[in-house]
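S.K.: Protein chains in written order, with the numbering used here: chain A, 60 to 507; chain B, 14 to 354. Even for Gly, the Cβ is constructed at its ideal location relative to N, Cα and C. Treat the numbers as computed from the prediction; the structure is a model and nothing was measured. Got a structure here, written out as structure tokens. Questions coming.
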Amino acid sequence: MRCVDSVFYSRVLTELTLSFHIIYATIGVGVPLMIMLAQWVGIKKNDEHYILLARRWARGFVITVAVGVVTGTAIGLQLSLLWPSFMELAGNVIALPLFMETFAFFFEAIFLGIYLYTWDRFENQKKHFLLLIPVALGASFSAVFITIVNAFMNAPRGFDLVNGELINVNPLLAMFNPAMPTKVAHVVGTAYMTTAFLLAAIAAFRLLRGSNHIYHKKALYLTLKVGFIFSVTAVLVGDLSGKYLAEYQPEKLAAAEWHFETEEDAPLILYGVLDDGEVKYAIKIPYALSILAHGTPNAEVIGLDQFAEEDTPPLYIHYLFDIMVTIGMLLLTLSAVYLLGMWRRWPFVKSRLFRWLIVLSGPLVFISLESGWWMAEVGRQPWILRDIMRTAEGATTSGQVPTMLVLFALLYLVLGIGSVVVLRRMFIRNPVEKEIADRQQEKGGDIL
Amino acid sequence: MTVEILGITVLWVFLFGYIVIGAIDFGAGFFNAYSLLTGKQRVLTDVIQRYLSPVWEVTNVFLVFFFVGIIGFFPKTAFYYGTTLLVPVSFGIILLAIRGSYYAFETYGARGHKGYSFAYGASGLLLPASLSIVLTISEGGFIEIVDGQPVLDYWKLFSSPLTWSIVVLSIAATLYISSTFLTWYANKAKDVEATQLLRKYALIWSLPTIIAAGGIIFELRKHNPLHYENIQRFWPMFLLSFLLFLGTVFLIWKKRQYGIAFGLLAGQFLFAFFGYGASHYPYLLYPYLTIYDSFTNQAMAVALITAFIFGLMLLIPSLYLLLRMFLFNKEYVKGKKDHHA
Chain A
60 MRCVDSVFYS RVLTELTLSF HIIYATIGVG VPLMIMLAQW VGIKKNDEHY
110 ILLARRWARG FVITVAVGVV TGTAIGLQLS LLWPSFMELA GNVIALPLFM
160 ETFAFFFEAI FLGIYLYTWD RFENQKKHFL LLIPVALGAS FSAVFITIVN
210 AFMNAPRGFD LVNGELINVN PLLAMFNPAM PTKVAHVVGT AYMTTAFLLA
260 AIAAFRLLRG SNHIYHKKAL YLTLKVGFIF SVTAVLVGDL SGKYLAEYQP
310 EKLAAAEWHF ETEEDAPLIL YGVLDDGEVK YAIKIPYALS ILAHGTPNAE
360 VIGLDQFAEE DTPPLYIHYL FDIMVTIGML LLTLSAVYLL GMWRRWPFVK
410 SRLFRWLIVL SGPLVFISLE SGWWMAEVGR QPWILRDIMR TAEGATTSGQ
460 VPTMLVLFAL LYLVLGIGSV VVLRRMFIRN PVEKEIADRQ QEKGGDIL
Chain B
14 MTVEILGITV LWVFLFGYIV IGAIDFGAGF FNAYSLLTGK QRVLTDVIQR
64 YLSPVWEVTN VFLVFFFVGI IGFFPKTAFY YGTTLLVPVS FGIILLAIRG
114 SYYAFETYGA RGHKGYSFAY GASGLLLPAS LSIVLTISEG GFIEIVDGQP
164 VLDYWKLFSS PLTWSIVVLS IAATLYISST FLTWYANKAK DVEATQLLRK
214 YALIWSLPTI IAAGGIIFEL RKHNPLHYEN IQRFWPMFLL SFLLFLGTVF
264 LIWKKRQYGI AFGLLAGQFL FAFFGYGASH YPYLLYPYLT IYDSFTNQAM
314 AVALITAFIF GLMLLIPSLY LLLRMFLFNK EYVKGKKDHH A
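What follows is the structure, encoded as structure tokens:
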């Protein structure tokens with residue numbers, strides 16, 4: 060007999076660890092790219108401000124990487140501790156990307172160490188820039204490989220299950236499963252997007268809080284440009300993800316869209332509340348779901364009526380979907396307006412109100428990130444391996460999960476508070492004006 | 014050589030790597046905290062931090078590599094060890110989290126926060142203890158199968174003298190490895206005071222290390238006679254290990270050739286660790302799990318080994334670059350310039 064409590068608490072603990080981890084992990088994927096861009100622009104334009112931008116981002120990055128590494132180690136071990144039967148089964152098929160993820164991480168760790176401790180050591184800044192390429196590659200490929208593992212859980216392929224035994228395993232087929240292209244593209248793209256808006260929010264905040272330095276303006280312009288580009292890709296890939304779901308995981312799409320009856324000309328439901336099986340206060344966009352699912356307005360979209368009740372995910376994922384999409388669209392608009400305004404010299408993009416909106420985009424983008432992950436993960440319940448293993452069958456039988464949940468909650472609290480305190484202190488004690496002045500003094504005034 | 018043996022050998026090498034560089038890291042944290050208590054911080058902190066700065070993240074990867082690799086090559090270990098190790102390994106993760114975050118926080122933010130330094134130092138001793146539990150359990154006798162599920166008998170585990178011998182060995186060895194390495198490093202940095210202090214620690218910790226190691230073999234005789242018998246078949250490795258130990262202590266005693274002393278120490282642990290591993294063969298968890306019945310399918314094994322070879326081609330030059338730029342860079346070791354971001 061399986062302990063129902065263990066299943067529930069294992070889910071809660073996994074969710075807690077992952078929700079905390081993805082904040083730092085996403086920053087960990089995105090920031091190296093931003094540092095690389097800033098360093099590159101700095102070298103090309105011979106502009107010390109961008110180099111300083113790269114350096115200050117790198118310094119903050121160390122803190123987030125540290126928390127990302129330790130929480131990543133935690134989830135890596137928790138997979139086996141909390142879901143031993145699942146790992147026993149899946150390990151046979153999906154160990155390859157997990158293994159490759161460690162290599163990517165290893166590669167990143169080595170070069171990050173070198174990059175961080177060789178500032179000013181090279182005569183030629185380009186050499187120092189070269190160190191960033193493996194860091195950014197390692198970070199992004201970690202995300203690629205680990206997302207492949209997750210994609211496999213949604214669309215298990217590459218083996219035959221005969222009498223409970225796995226045979227004919229094909230590791231590459233398992234990696235390149237149908238869910239993989241859209242998942243990987245969406246995860247990596249939104250990681251860049253998230254980081255860009257986070258860093259834009261910081262720059263806007265500094266501009267609002269007294270410092271009117273050109274340095275922050277450059278930072279804002281660079282980050283929002285990147286933010287805009289990756290918001291566009293997020294929307295495009297989001298659309299492809301809808302088409303993937305319609306084809307391979309229709310129950311997830313149907314639950315997220317509250318699409319109960321299989322029908323043609325399916326409308327898209329935005330917002331609303333569910334009251335006794337009835338949708339109220341929703342906005343219905345005619346044909347939109349058919350377009351999202353199949354690209355044509357008349358296509359038939361499979362509804363929840365086609366699935367047994369024990370095979371359908373909880374319906375609250377609709378709210379998560381709405382939150383994710385709404386914020387994504389808002390941020391796309393915000394960055395587009397900003398870029399257009401900078402180009403056409405509209406004064407209001409430099410107004411305090413607009414800058415506050417940019418500051419707001421920082422927390423919003425993280426809410427969107429969490430909602431997106433919760434939707435994707437809850438949306439494949441009740442399966443841990445779709446159509447193969449139910450979540451309850453994968454969980455540990457140990458009775459100590461609740462105690463561990465409390466311990467880890469405390470740990471994340473300490474790490475969360477600690478990282479915020481350290482980051483704040485680091486940048487408030489050493490504002491950019493001071494650092495520029497220090498550097499001028501050091502170099503005898505021949506810069507800037 | 015079969016793929017099973019190749020797989021476990023690769024993992025054993027990485028575990029060995031983690032034990033050596035992890036021990037340096039854990040011990041360094043402990044000595045750092047201890048020096049705060051005894052007012053010798055000025056002497057030690059610089060040397061320790063200069064070494065740890067660029068490598069703390071790399072240390073962690075060795076551990077990740079091991080546990081991801083063992084699930085990959087031997088998926089059944091997830092079932093047996095995953096279920097039973099929830100508590101000890103969770104404690105290990107929390108301690109690792111304290112260490113990992115401490116390092117970054119300390120360097121860039123809360124420099125000199127005493128409470129955190131002590132937590133960091135204490136974790137250096139608790140971590141080897143909490144992780145070495147896995148080795149104890151692998152000897153068998155602590156896990157029972159109830160209704161098809163493995164269950165760990167905590168009382169048996171904590172009342173066993175074998176558990177405590179392994180705990181003592183892990184702690185003593187950590188401090189011994191760490192102080193020997195740091196003696197060499199401090200000497201390279203031409204830091205006379207730190208060298209003297211660390212040399213003293215190395216000599217102090219050498220004795221408990223070797224006594225505990227002998228004690229474990231003695232305990233095994235009662236606990237797992239099969240393993241004890243196997244150990245005797247590998248006696249030349251243990252003898253060699255002991256001779257290398259004598260060599261290290263001799264050189265440190267005579268204040269000579271600290272680099273070679275550390276090399277001998279690495280050899281000592283290499284032979285002991287591989288002798289221990291080889292005599293454990295073929296069990297991963299006595300008597301339930303051998304490397305043969307838990308091995309992954311052929312296709313995955315080939316894929317993993319291929320990935321491993323390509324990965325190494327990437328890693329070895331990178332690691333070499335890291336060592337050359339920091340460990341073996343005279344200017345860096347002596348701390349002439351601070352180049353961090």
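Residues in its own chain within less than 7 Å of Ile506 (chain A) by CB, not counting five upstream and five downstream?
M.R.: For Ile506 (chain A), the pLDDT reaches just 45, beneath the cut-off of 50, and the residue's location in the model is therefore unreliable, leaving the point undetermined.
S.K.: Checking the sheet assignment: what are the DSSP bridge partners for Arg521 (chain A)?
M.R.: Because chain A here runs from 60 to 507, residue 521 (chain A) falls outside it and cannot be looked at.
S.K.: With Glu320 (chain A) as the anchor, note down where its beta strand (DSSP E) starts and where it stops.
M.R.: Neither: Glu320 (chain A) is in no beta strand (DSSP E) and is coded neither H nor E.
S.K.: Comparing C-alpha positions only, which one of B:Phe284, B:Leu264, B:Ser219, B:His240 sits nearest to Phe251 (chain B)?
M.R.: Ranking the options by Cα distance to Phe251 (chain B), first place goes to B:Phe284.
S.K.: Leaving out five residues on either side along the sequence, give the residues of the same chain with a beta carbon under 8 Å from the beta carbon of Asp381 (chain A).
M.R.: Cβ within range, chain order: Leu329, Tyr330.
S.K.: For chain A, find out if any of its Cβ atoms is closer than 9 Å to the Cβ of Phe118 (chain B); answer yes or no.
M.R.: Closer than 9 Å: yes.
S.K.: Tell me the DSSP bridge mates of Thr303 (chain B)?
M.R.: Thr303 (chain B) is bridged to B:Tyr296.
S.K.: For chain B, check one thing: does any of its Cβ atoms lie closer than 9 Å to the Cβ of Thr254 (chain A)?
M.R.: Chain B, which has no Cβ nearer than 9 Å to the Cβ of Thr254 (chain A), makes this no.
S.K.: Is there at least one Cβ from chain A nearer than 9 Å to Pro67 (chain B)'s Cβ?
M.R.: Chain A, which has a Cβ nearer than 9 Å to the Cβ of Pro67 (chain B), makes this yes.
S.K.: For Ile342 (chain A), which residues of its own chain have a beta-carbon under 7 Å away from its beta-carbon, when the five flanking residues on both sides are left out?
M.R.: Excluding sequence neighbours, Ile342 (chain A) sits near Leu329, Tyr330.
S.K.: Against chain A, with Cβ distances strictly below 9 Å, would Lys201 (chain B) count as a contact?
M.R.: Not closer than 9 Å to any Cβ of chain A, the Cβ of Lys201 (chain B) fails to qualify, so no.
S.K.: Expressed to the nearest angstrom, what Euclidean distance is found between the alpha-carbon atoms of Asn489 (chain A) and Ile83 (chain B)?
M.R.: Rounded to whole angstroms, Asn489 (chain A) to Ile83 (chain B) spans 45 Å at the Cα level.
S.K.: In whole angstroms, what is the alpha-carbon distance linking Gln440 (chain A) and Ser69 (chain A)?
M.R.: Answer to the nearest angstrom: the Cα atoms are 14 Å apart.
S.K.: For a quick check, are the C-beta atoms of Ala259 (chain A) and Pro237 (chain A) less than 9 Å apart?
M.R.: For Ala259 (chain A) and Pro237 (chain A), no; Cβs fall outside 9 Å.
S.K.: Within 8 Å, do at least three Cβ pairs link the region 232-248 of chain A to the region 389-400 of chain A?
M.R.: No, they do not touch.
S.K.: Using a C-beta cutoff of 9 Å, does Ser145 (chain B) count as contacting chain A?
M.R.: Not closer than 9 Å to any Cβ of chain A, the Cβ of Ser145 (chain B) fails to qualify, so no.
S.K.: Beta-carbon within less than 7 Å of Leu148 (chain B)'s beta-carbon, same chain only, minus the 5 sequence neighbours each way: which residues are those?
M.R.: Correct list, in chain order: Ile179.
S.K.: Near Val228 (chain A), which residues of its chain fall below 8 Å by C-beta distance, leaving aside the five closest residues on each side in sequence?
M.R.: So the list reads Asn151, Val152, Gly217, Phe218, once near-sequence residues are dropped.
S.K.: Are Ala293 (chain A) and Thr241 (chain A) close, meaning C-beta to C-beta below 9 Å?
M.R.: Not a contact, by the Cβ cut-off of 9 Å.
S.K.: Just mark Arg265 (chain A) as buried or exposed, buried being the case when its beta carbon has 16 or more other beta carbons within 10 Å.
M.R.: Its Cβ being crowded by 16 or more others within 10 Å, Arg265 (chain A) is buried.
S.K.: For the alpha helix (DSSP H) holding Lys339 (chain A), just list the boundary residues, first then last.
M.R.: Premise fails: Lys339 (chain A) lies in the beta strand (DSSP E), 337-339, not in any alpha helix (DSSP H).
S.K.: At 4 residues or longer, what runs of the alpha helix (DSSP H) sit wholly inside the region 71-129 of chain A?
M.R.: Complete alpha helix (DSSP H) runs here, min 4: none at all.
S.K.: So that I know if they touch, is there some Cβ in chain A lying closer than 9 Å to that of His293 (chain B)?
M.R.: False, the Cβ-Cβ gap to chain A never drops below 9 Å.
S.K.: So Thr196 (chain B) packs on Tyr271 (chain B), CB below 8 Å; how close in whole Å?
M.R.: Right, their Cβ atoms sit about 5 Å apart.
S.K.: Report back the beta-carbon spacing between Leu379 (chain A) and Met434 (chain A) to the nearest angstrom; my notes put them in contact at under 8 Å.
M.R.: That belief holds up - the Cβ atoms of Leu379 (chain A) and Met434 (chain A) are roughly 4 Å apart, short of 8 Å.
S.K.: Kindly indicate if chain A contains any beta-carbon less than 9 Å away from that of Phe29 (chain B).
M.R.: Output row for Phe29 (chain B): interface = no.
S.K.: Using a Cβ cut-off of 7 Å, which residues of the region 197-213 of chain A contact any Cβ in chain B, in chain order?
M.R.: Listed in sequence order: no entries.
S.K.: Do you know offhand how far Trp432 (chain A)'s Cα is from Ala316 (chain B)'s?
M.R.: Going from the Cα of Trp432 (chain A) to the Cα of Ala316 (chain B) covers about 30 Å.
S.K.: Can you give me the Cβ contacts of His275 (chain A) inside the same chain, cut-off strictly under 7 Å, excluding the 5 residues immediately before and after it?
M.R.: Once the five neighbours on either side are set aside, the close Cβ partners of His275 (chain A) are Ala262, Arg265, Leu266.
S.K.: From Thr222 (chain B) to Ser173 (chain B), what does the alpha carbon distance come to, in whole angstroms?
M.R.: Roughly 19 Å between the two C-alpha positions.
S.K.: Could you give the C-beta distance for Tyr174 (chain A) and Leu191 (chain A), rounded to a whole number, given that I count them as a contact under 8 Å?
M.R.: Right, their Cβ atoms sit about 6 Å apart.
S.K.: Taking Cβ positions, are Ile21 (chain B) and Val68 (chain B) nearer each other than 9 Å?
M.R.: Contact: no.
S.K.: Identify each residue in the region 156-172 of chain A for which the Cβ-Cβ distance to at least one residue of chain B is less than 8 Å, and report them in chain order.
M.R.: Flagged, chain order: Leu157, Phe158, Met159, Glu160, Thr161, Phe162, Phe164, Phe165, Phe166, Ala168, Ile169, Phe170, Leu171, Gly172.
S.K.: Could you check the C-alpha separation between Phe188 (chain A) and Glu182 (chain A) for me, to the nearest Å?
M.R.: Their backbone Cα atoms lie some 12 Å apart in a straight line.
S.K.: For the alpha helix (DSSP H) containing Leu148 (chain B), list its first residue and its last residue.
M.R.: Looking at the DSSP string, the run of the alpha helix (DSSP H) that includes Leu148 (chain B) is 127-151.
S.K.: Rounded to a whole number of angstroms, what is the C-alpha to C-alpha distance between Phe407 (chain A) and Val246 (chain A)?
M.R.: Their backbone Cα atoms lie some 33 Å apart in a straight line.
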